[in-house]
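Heads up, the sequence shown is in my numbering, so the first residue is 1314 and it goes up one at a time. Report on the structure given below.
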Amino acid sequence: MARVNDRKDLHSLISSVNESNREYYSRFGNWSNPQIKVFWLEVNENFNVLEKMGLRKLGRNLFELKVKEDTFWVDTSNERIWEIFTLSSTRNTEKNFIGLTKGIKGVDKTWFTQNFMKKIQREMGFSDRGFGIRYKDLLSNGKDTNNFSAKFWFGRRSLKNMEPILESLEGSFSISSLRFGKNISNDEKRLTGQLYEFYYNGHMTITTCDDTEEMFYLIKMIREMYVNNLVQLEKENKRKPTLIEVTFSEELDREGFDFLTHVGKRDLNLWLQPFQSESDYGRYCGVDMHTGDFINLDLGSDYSYISADRNGCMNVAPRFGTLAARYLSTSTNIYHDGVEMFA
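What follows is the structure in structure tokens.
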């Protein structure tokens, strides 16, 4: 692998990997490793994250991080949302990276709601190529855990008799990833076009790409759309106390919610305690473990309201909305003053 010393080297390396993967497919009919993965990381700069992560500087706003057998290139040109590139050759790449950052205060994943992912697809003019679903039962333990996951990949035309089944699955489970692309053709093993898998928990895999410039445009669009929503909420919250409304497609499992927020368990990363409880309504207060900010949360049967410290990080909104959809409800919507956010 070519040595990366600056951003130009990184872009050249990614372009060459895209080209070599397409060439490999044309010759052998399947994909080669490594594939390109992109992570978007939400960062609060006042926590000295650069130093805590042990990044090695390559150039202006570009750093290198080695974790076991994986190398990550970290682009910090946007202060709030960092872009991280890696050439994935193992199944543990995501775990290696997230495991390193998880214990650092002020660092969080980006959280993409289903509506956000679909908006990106529409904005880019990409066609459906499939989706992934993943269900994990919060309330069962050990051998009794009821888990379910599946991926459904489409060709250029979906089968009509499969559409009711796919629609039923999309309505019954939250979407963990979308697969989309355009102009995909592998006639006679000559591959052209773009194909991506976009995940709810802040990363994307580039399966194939014949237009690296458009790929970088897509990566930037995702970052800019997310950070614009985040910064807007934080500006409003500094101006006056802000309530974030999260609505749910079905009634919540209150027992599941209490389990999810007990001592900051799981990715939700909230430590909340109830201080008022009715049959169809509960009020909680506690801490966002991500930054230590104080959080209030009002929870109804199919809605909630979140408020944070005046100078608090508002990444709690997409995190709560996205993970509530995964663990507690099929889908969610996030609103501020009646306007849908992160969508």
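Here a beta-carbon is modelled for each residue, glycine too, at the ideal position from N, C-alpha and C.
- Residue 1565 and residue 1641 have their alpha carbons spaced roughly 6 Å apart.
- Between residue 1637 and the set 1573, 1507, 1353, the nearest pair of CA atoms involves 1573.
- Where residue 1315 is concerned, there is no enclosing beta strand (DSSP E), because DSSP gives it neither an H nor an E.
- For residue 1463, the uninterrupted beta strand (DSSP E) segment begins and ends at 1460 to 1466.
- Around residue 1616, the same chain offers 1558, 1559, 1560, 1561 as residues with beta carbons nearer than 8 Å, after the five sequence neighbours per side are excluded.
- Sequence-distant partners of residue 1325 (beyond 5 residues in either direction) whose C-beta falls short of 8 Å from its own C-beta, in its chain, are 1315.
- Per DSSP, residue 1552 lies in no beta strand (DSSP E); the unbroken alpha helix (DSSP H) holding it starts and ends at 1525 to 1552.
- Contact annotation: residue 1419 and residue 1357 have beta-carbon atoms nearer than 8 Å.
- Per DSSP, the beta-bridge partners of residue 1353 are 1396.
- DSSP places residue 1370 in the uninterrupted beta strand (DSSP E) bounded by 1369 to 1372.
- By the neighbour-count criterion, in which 16 or more other beta carbons inside 10 Å mark a residue as buried, residue 1475 falls on the exposed side.
- The C-beta separation of residue 1643 from residue 1461 comes to about 13 Å, leaving the pair out of contact by the 8 Å criterion.
- Taking the Cβ atoms as the reference, residue 1516 lies roughly 4 Å from residue 1352, within the contact range of under 8 Å.
- Assigned with DSSP and collapsed to three states, residue 1389 falls in coil, not helix or strand.
- Taking a C-beta distance under 8 Å as the contact criterion, residue 1386 and residue 1354 do not qualify as a contact pair.
- The beta carbon of residue 1479 sits closer than 7 Å to the beta carbons of 1465 from its chain, once the five residues preceding and following it are set aside; these are given in chain order.
- In the structure shown, residue 1417 falls within a coil segment according to DSSP collapsed to helix, strand and coil.
- Between residue 1442 and residue 1376 the beta-carbon gap is near 33 Å, outside 8 Å, which marks them as no contact.
- Counted as a single uninterrupted DSSP element, the beta strand (DSSP E) harbouring residue 1442 occupies residues 1440 to 1449.
- Annotation: residue 1620 to residue 1328 spans about 44 Å, alpha carbon to alpha carbon.
- Using a C-beta cut-off of 8 Å, the stretch 1592 to 1606 makes no contact with the stretch 1516 to 1532, since fewer than three inter-stretch Cβ pairs fall below that distance.
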